[in-house]
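Some notes on the structure that comes next.
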Amino acid sequence: MDSSAVTLAAHAAPDHHRLHRMNVFLFLIALASWWELGLRQGGELGAGQQLNLAVAATIMVLARLSASAVEALAYTLWWRTRGARLPYARFFVALVALSLVDRFAQSLVALAGRAPALAPWLAPVAGLQLLKDRLPAVEPDLWVVFGSLGLLTLARIAITAWLQSAGTGRGLRGPLLVTTLAWLATRVALWWAMDLFRGMSPLR
Amino acid sequence: MRRAIHISRGWRLAGWLGWAFAWAALAALGWLWHLDRTRVWQTPGLGAPLVLVRTATADSSAGTWLVAVNPDCANCLRALARLAARPPRGLRVGALIVDTPRRPGAAALAALRAAPLWWDARGDWRRRWGHRVYGEVLCFDPRGRYVSTRFAD
Chain A
42 MDSSAVTLAA HAAPDHHRLH RMNVFLFLIA LASWWELGLR QGGELGAGQQ LNLAVAATIM
102 VLARLSASAV EALAYTLWWR TRGARLPYAR FFVALVALSL VDRFAQSLVA LAGRAPALAP
162 WLAPVAGLQL LKDRLPAVEP DLWVVFGSLG LLTLARIAIT AWLQSAGTGR GLRGPLLVTT
222 LAWLATRVAL WWAMDLFRGM SPLR
Chain B
2 MRRAIHISRG WRLAGWLGWA FAWAALAALG WLWHLDRTRV WQTPGLGAPL VLVRTATADS
62 SAGTWLVAVN PDCANCLRAL ARLAARPPRG LRVGALIVDT PRRPGAAALA ALRAAPLWWD
122 ARGDWRRRWG HRVYGEVLCF DPRGRYVSTR FAD
């Protein structure tokens, strides 16, 4: 390693620590945010009658954590097979922090529900699902699967790729390709699984 | 800074096998989906082989809606109760008991406060019609011909 590389590495290390500290902070905010959403949705579904609201909210937070843990594990293993080390714990914390983007998208969808006139304007950002009423011919399960596609989803994919690039020290192109393919594959798998689950029964 | 690590050939192979397994699982799911979607399912119909276990007291000019219920499913029983309490004008709201191989007992029938009540003794709803979601509403015209399927609410 030459002297300029050493200087760069010395600068990069504090940046990584700063980024991790910020991710830990956002991680905690994300947990609180998903907990609050769990409490609210549990209340709307009448969970208080049969199930403690705190239990419902805890289940929602645990589900989010599990999803991020599996996602982080999949990428970590992928890069391991490619001969690169992606620090699992830091990447997991970053993914949970990044789930705030999904949470923000959900808030925009809820806002469009309260003010339908805003839906066409919010759709490019929050997801195509906001155009569902205007395009009745599209299959309902396609809305469920690809309805979240919008600028926020694209940003989430791009940041997930950037985190892998920063974590492994590799260029952005490979992580971007892997993340996009993984997103597409999971969406298609969800589509097929939903179709198999419902058969000829309609989707809501 | 590129953080390359040395991994043994065995681990590399295991990794590739893992990803190959994941892709094979996705392909298998896709194959199942293709088979399911291209299968020709029968159109639902009232009458044999369904068994009428409770008849409707009043005739209907607008048709019959049957909520697909399983006696063990509390949610679909509630969906049936809600729809039967406020039936759409001119329609009679009954139930189709599904996924119940043995004839429902008196207690199970008493919990279904709707008429007509049909029992899918052979499991046609799932196996021949291809339907799988409890609580859906099968709509039939006054002559008992299938029109469509929709949700209770």
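So the sequence lines, in the order shown, correspond to chains A and B. Everything in the first sequence is counted per this note's numbering, starting at 42 for the first residue and increasing by one. Everything in the second sequence is counted per this note's numbering, starting at 2 for the first residue and increasing by one. Glycine included, each C-beta is placed from N, C-alpha and C at the ideal position.
**Message:** Quick check: what's the CA-CA separation for V47(A) versus R123(A)?
**Reply:** Caution is warranted here: a pLDDT of 48 is assigned to V47(A), below 50, making its placement in the model unreliable, and no coordinate value can be reported.
Whole-angstrom distance between E180(A) and Q170(A), CA atom to CA atom
12 Å
Quick check: does the Cβ of L139(A) come within less than 7 Å of any heavy atom belonging to the ligand FMN? Among the components of this structure there are no ligands whatsoever, and the ligand FMN is therefore not found.
Taking only the alpha-carbon atoms, compute the straight-line gap between T194(A) and R90(B) and give it to the nearest angstrom. 44 Å
Of the residues R175(A), A153(A), D174(A), L176(A), which one's Cα is nearest the Cα of V166(A)? A153(A)
In the segment 24 to 41 of chain B, which residues sit with their C-beta less than 7 Å from some C-beta in chain A, listed in chain order? L27, L30, G31, L33, W34, D37, R38
**OP:** Apply the 10 Å Cβ neighbour rule to Q205(A) and answer buried if 16 or more other Cβ atoms are within range, or exposed otherwise.
**Re:** buried
**Prompt:** When the distance is taken between beta carbons, is V70(B) closer than 8 Å to W120(B)?
**Reply:** no
Review point. Got a sec: is the Cβ-Cβ distance from T122(A) to anything in chain B below 8 Å?
Key: yes
- Item | Proximity below 8 Å, CB of G95(B) to CB of P117(B) | yes
Q) Helix, strand or coil: which one does DSSP assign to L92(B)? A) coil
Name the chain B residues whose beta carbon is nearer than 7 Å to that of A234(A)?
L30
- Task: Return the CA-CA distance between S189(A) and G48(B), expressed in angstroms with no decimal places.
- Result: 43 Å
- Query: For R151(B), which of helix, strand or coil comes out of DSSP?
  - Reply: strand
(message) Can you confirm whether the segment 100 to 117 of chain B touches the segment 208 to 222 of chain A when touching is taken to mean that 3 or more C-beta pairs between the two stretches lie within less than 8 Å?
(response) no
Requested in this report: Buried or exposed for D142(B), please, with buried defined as at least 16 other CB atoms from any protein chain shown within 10 angstroms of its CB.
Outcome: exposed
Is R144(B) helix, strand or coil by DSSP? coil
Check your understanding: Near T117(A), what residues of its chain come up, given a Cβ to Cβ distance below 6 Å and the 5 sequence neighbours on each side ignored?
Key -> L127, Y129
Rounded Cβ spacing between R123(B) and P50(B) (contact assumed at less than 8 Å):
5 Å
| query | Taking any Cβ of chain A, which residues in the segment 134 to 150 of chain B have a Cβ under 8 Å from it, in chain order? | reply | V134, E137, T150
So within the segment 155 to 208 of chain A, which uninterrupted alpha helix (DSSP H) runs reach at least 4 residues, ignoring any that extend past its ends? 160 to 167, 181 to 187
G31(B) in three-state terms, based on DSSP
helix
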